[in-house]
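Per the working numbering, residue 3 is the first one in the sequence shown, and the count goes up by one each step.
Quick reminder that beta carbons are idealized off the backbone N, C-alpha and C, glycines included.
This structure is a prediction, so every number in the text was calculated from the model and none was measured.
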Amino acid sequence: MPLASITLFSNNLSDQMLTMPSCQQAASGEKIYQAARDFLWFQDRGYPREAALQWVGDRFALVRTDRDLLRRGVFSQSRALHRLAKRVRGTRWRRYPLWVDAHNVHITVESLFLQRPMVLANDGALRDVAGLSRSYRLSEVTEVALKAILSFLQAFPPVEVHFLFDAPMSQSGELAARYRESLQKHGLAGEAMAVPVPEKHFPRSESVIASSDHAVVEFSMHWLDLARWVMDFMGLPFSGYDFRGLSGE
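Below, the structure written as structure tokens:
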């Protein structure tokens, strides 16, 4: 389904876009990439990750958003390459059941539509910089993201798809119900439900897990960056930093 076929924003969505407080100034692109290289250097030499981030952040006078960008976008070379090796490529993932870290994927796609700052990490994953999971609420863009995700899966259907939402998060049951209804409308085999801890339900073998959460990616044997596939499928613009070159992707 082309991007133009989905009804997007009304003007009142603009206030949902992530903005930097006026009292802070984000670092320049050149400074961010210099800081990213230093952060990678320390991690590759065994320095504690958070201590390295604090040192690099202080050295380059990075504000909190810039530090979050590095935290979500730069990992040690060994860890990044390990995750990249497990990422499925091409369309072979369609032969297996797809288990979706549903809030992670959905919120990432919403962030793309809202043009929030994003990062393509050196482990190959697309992530939103803000990490909005705890404060997430349904909004006008919820249905837009849902339709984009289901349109992609309708075009490239897996054998079955399981959307698992975090039950403790607000309105998770309602969001799961919307996905169940949409699965039926799109003729896709699968389910959508809210569970206390989705990670406990993800199988390690004979399946593919869709997520960009670093802990889920680390756990999985095969993972799919579903939000990134949706971004390319819908022709959505990427607004952010690309650290993939740090690991030679």
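So the candidates are the options; which of them puts its Cα closest to the Cα of residue i?
i	options	result
serine 2	Trp95, Phe41, Trp101	This structure leaves residue 2 out entirely; the chain is present only between 3 and 251.
glutamate 92	Asp227, Asp125, Arg136, Gly175	The amino acid occupying residue 92 in the given sequence is glycine; glutamate does not appear at that position. The option with the nearest alpha carbon to glycine 92 is Asp227.
arginine 230	Asp60, Asp70, Gly126	Gly126
glycine 133	Pro119, Phe115, Val143	Pro119
glutamine 156	Arg96, Ile211, Arg81, Ser213	Arg96
histidine 203	Arg94, Leu166, Gly247, His188	Leu166
lysine 209	Glu251, Gly242, Lys88	Note on residue identity: the sequence assigns serine, not lysine, to residue 209. Closest option to serine 209, Cα to Cα, is Lys88.
arginine 246	Leu72, Glu52, Phe235	Leu72
Using C-beta distances below 6 Å, list every residue in its chain close to residue i, excluding the 5 sequence neighbours before and after it, in chain order.
i	result
histidine 164	Trp101, Gly192, Glu193
methionine 195	Ala178
glutamate 162	Pro99, Ala191, Gly192
leucine 185	Gly192
phenylalanine 62	Lys33, Ala37
serine 113	Asp130
serine 80	none
Using 8 Å for Cβ pairs, my map puts residue i next to residue j. What's the rounded Cβ distance?
i	j	result
aspartate 103	valine 232	Not really, about 14 Å apart at Cβ, beyond 8 Å.
proline 160	tyrosine 98	7 Å
glutamate 251	leucine 128	12 Å between Cβ atoms; not a contact.
Quick check: what's the CA-CA separation for residue i versus residue j?
i	j	result
alanine 37	valine 121	15 Å
glycine 31	glutamate 183	43 Å
leucine 55	aspartate 215	19 Å
glutamate 201	glutamine 45	26 Å
isoleucine 34	isoleucine 211	31 Å
glycine 59	histidine 188	46 Å
glycine 242	threonine 67	12 Å
glutamine 117	valine 199	29 Å
tyrosine 181	valine 107	13 Å
histidine 235	glutamate 52	For the record, residue 235 in the displayed sequence is phenylalanine; it is not histidine. About 35 Å.
arginine 136	histidine 84	28 Å
tryptophan 57	glycine 48	14 Å
phenylalanine 240	glycine 175	30 Å
Just to confirm, are residue i and residue j a CB contact at a threshold of 8 Å?
i	j	result
leucine 177	leucine 140	yes
valine 197	alanine 179	no
valine 131	arginine 69	no
valine 111	tryptophan 225	no
alanine 82	serine 249	yes
Using a Cβ-Cβ cutoff of less than 8 Å, which residues in the same chain neighbour residue i once the five nearest sequence positions on both sides are dropped?
i	result
asparagine 13	Confidence in asparagine 13 is poor, its pLDDT being 33 and thus under 50, which makes the residue's placement too unreliable to answer from.
arginine 206	Phe221, Ser222, Met223
tyrosine 138	His105, Ile109, Met171, Ser172
valine 76	Ala38, Phe41, Leu42, Gln45, Ala123, Asn124, Phe245, Leu248
alanine 6	Reliability fails at alanine 6, whose pLDDT of 36 lies under 50, so the model's placement of it is uncertain and the value that follows must be treated cautiously. There are no such residues.
Could one say the Cβ of residue i lies closer than 8 Å to chain B's Cβ atoms, at least one of them?
i	result
arginine 73	Looking for chain B here will not work: only one protein chain is present.
Less than 7 Å between C-beta atoms, sequence neighbours within five positions excluded: which residues of the same chain meet that for residue i?
i	result
phenylalanine 158	Thr93, Arg96
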